[in-house]
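Going by numbering that gives the first Met the number 0, the final residue of the sequence shown carries number 177, and the count climbs one at a time with no gaps. No residue lacks a Cβ here, since even glycine has one placed at the ideal position from N, Cα and C.
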Amino acid sequence: MEIVRTYEGIERRIRGRSDPHIWLSPPLVFQQTRNILRALIDKDPLSTSFYIKNYREFIEEIGSLDSQLLEIFKGIGKRNHFVVYHPAWTHFARAYNLEQIPIEREGKEPSLSQLRQVFKLLRWLNIDTIFYQIQFPSRTINILAKELVCKAIPLDPLAYGWKEELLRSAKLIKTALR
Numbered sequence: 000m001e002i003v004r005t006y007e008g009i010e011r012r013i014r015g016r017s018d019p020h021i022w023l024s025p026p027l028v029f030q031q032t033r034n035i036l037r038a039l040i041d042k043d044p045l046s047t048s049f050y051i052k053n054y055r056e057f058i059e060e061i062g063s064l065d066s067q068l069l070e071i072f073k074g075i076g077k078r079n080h081f082v083v084y085h086p087a088w089t090h091f092a093r094a095y096n097l098e099q100i101p102i103e104r105e106g107k108e109p110s111l112s113q114l115r116q117v118f119k120l121l122r123w124l125n126i127d128t129i130f131y132q133i134q135f136p137s138r139t140i141n142i143l144a145k146e147l148v149c150k151a152i153p154l155d156p157l158a159y160g161w162k163e164e165l166l167r168s169a170k171l172i173k174t175a176l177r
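Below, the structure is given as structure tokens:
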């Protein structure tokens with residue numbers, strides 16, 4: 000079985016950190032979709048028209064989703080910071096002019112000094128919400144949220160309903176920005 004590198008041509012490093020969660024950014028999904036289309040046509044050229052038809056339908060859906068997300072975050076200005084436990088939303092944030100503030104760094108629990116920095120930043124930016132990946136144990140997140148005097152809200156970057164979850168997550172993030 001051949002592996003298709005759907006991330007070809009996509010910059011996955013932002014500010015020196017690698018983030019593999021490219022499917023959370025519809026503009027990057029456009030590129031992934033082109034890579035998948037090329038791979039399918041290379042392996043099965045007789046079905047090219049079928050693949051192109053499906054590709055066009057899917058990129059139309061992605062374009063619609065991207066437009067909806069742009070509308071959600073239109074005019075947010077400088078109040079664009081949101082806090083996440085696990086830094087899965089880097090590409091999403093970049094696509095919609097947001098700033099993700101991660102608590103966890105490189106898969107490691109935050110140190111006490113890092114937590115102090117996060118606490119100061121939350122107060123300075125007037126942030127009262129921490130988003131966490133639903134796949135992570137909520138006990139740790141809830142303790143952290145209690146210590147930081149914040150709400151803890153789950154997001155699901157691995158949801159089966161990808162488009163619906165991105166819209167739901169965007170609305171939750173937008174609400175937290177107010």
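Which value, in whole angstroms, describes the spacing of the CA atoms of Asp155 and Leu64? As a working note, residue 155 is residue 156 in the sequence shown. As a working note, residue 64 is residue 65 in the sequence shown. Looking at the two C-alpha atoms, the distance is approximately 17 Å.
May I have the straight-line CA-CA distance separating Ser112 from Asp41, to the nearest angstrom? If you number the sequence shown from 1, residue 112 lands on position 113. If you number the sequence shown from 1, residue 41 lands on position 42. Answer to the nearest angstrom: the Cα atoms are 52 Å apart.
At which residue ranges does the stretch 54-128 contain complete beta strand (DSSP E) runs of 3 or more residues, listed in the order of the chain? 80-83 and 98-101
Which stretch, first to last residue, makes up the alpha helix (DSSP H) that contains Ile172? Translated into the one-based positions of the sequence shown, residue 172 becomes position 173. Note, Ile172: alpha helix (DSSP H), Trp161 to Leu176.
In whole angstroms, what is the alpha-carbon distance linking Ala175 and Asn79? Taking the first residue of the sequence shown as position 1, residue 175 is located at position 176. Taking the first residue of the sequence shown as position 1, residue 79 is located at position 80. One C-alpha to the other measures close to 9 Å.
Counting C-beta neighbours from all protein chains within 10 Å, is the total for Asp190 16 or more, i.e. buried, or is it exposed? The shown model of the chain, from 0 to 177, leaves out residue 190, and the question about it has no answer.
With distance defined between alpha-carbon atoms, name the residue in Lys52, Pro25 and Val3 nearest to Asn34. Taking the sequence shown and counting its residues from 1, the one referred to as residue 34 is at position 35. Out of Lys52, Pro25 and Val3, Val3 has the C-alpha closest to the C-alpha of Asn34.
Which residue marks the beginning of the alpha helix (DSSP H) containing Pro25, and which one marks its end? Your numbering for residue 25 matches position 26 in the sequence shown. That run of the alpha helix (DSSP H) goes Pro25 to Lys42.
Distance, Arg122 Cα to Leu27 Cα: Here residue 27 refers to the residue found at position 28 when the sequence shown is read from its first residue. Here residue 122 refers to the residue found at position 123 when the sequence shown is read from its first residue. Here the alpha carbons of Arg122 and Leu27 stand approximately 33 Å from one another.
Going by CA-CA distance only, name the one from Val117, Gly106 and Phe72 that's closest to Thr92. Start at 1 with the first residue of the sequence shown, and residue 92 comes out as number 93. Looking at the sequence provided, one finds Ala at residue 92 rather than Thr. The residue with the shortest Cα to Cα distance from Ala92 is Phe72.
On a CA-only basis, which of Gln134, Phe130 and Leu36 is nearest Pro101? Give me that one, please. As a first step, residue 101 must be located in the sequence shown, where it is residue number 102. The option with the nearest alpha carbon to Pro101 is Phe130.
Quickly, what does DSSP pair Tyr131 with across the bridge? List them, please. The residue given as residue 131 occupies position 132 in the sequence shown. In the DSSP output, where bridge partners are listed per residue, Tyr131 has Pro153.
My output table needs one value for Arg4: the three-state DSSP class, helix, strand or coil. Taking the first residue of the sequence shown as position 1, residue 4 is located at position 5. Arg4: coil per DSSP, three-state reduction.
Residue range of the alpha helix (DSSP H) that Ile140 falls in? For the purposes of this step, residue 140 is identified with residue 141 of the sequence shown, where counting begins at 1. Segment Ser137 to Leu147, the alpha helix (DSSP H) holding Ile140.
Hey, Gln31 and Ala87: beta-carbon distance below 8 Å or not? Mapped onto the sequence shown, residue 31 falls at position 32. Mapped onto the sequence shown, residue 87 falls at position 88. It is not a contact, given that the beta carbons lie outside the stated cut-off.
Is the separation between the beta-carbon of Ile152 and that of Leu171 shorter than 8 Å? Counted from its first residue, the sequence shown places residue 152 at position 153. Counted from its first residue, the sequence shown places residue 171 at position 172. For Ile152 and Leu171, yes; Cβs fall inside 8 Å.
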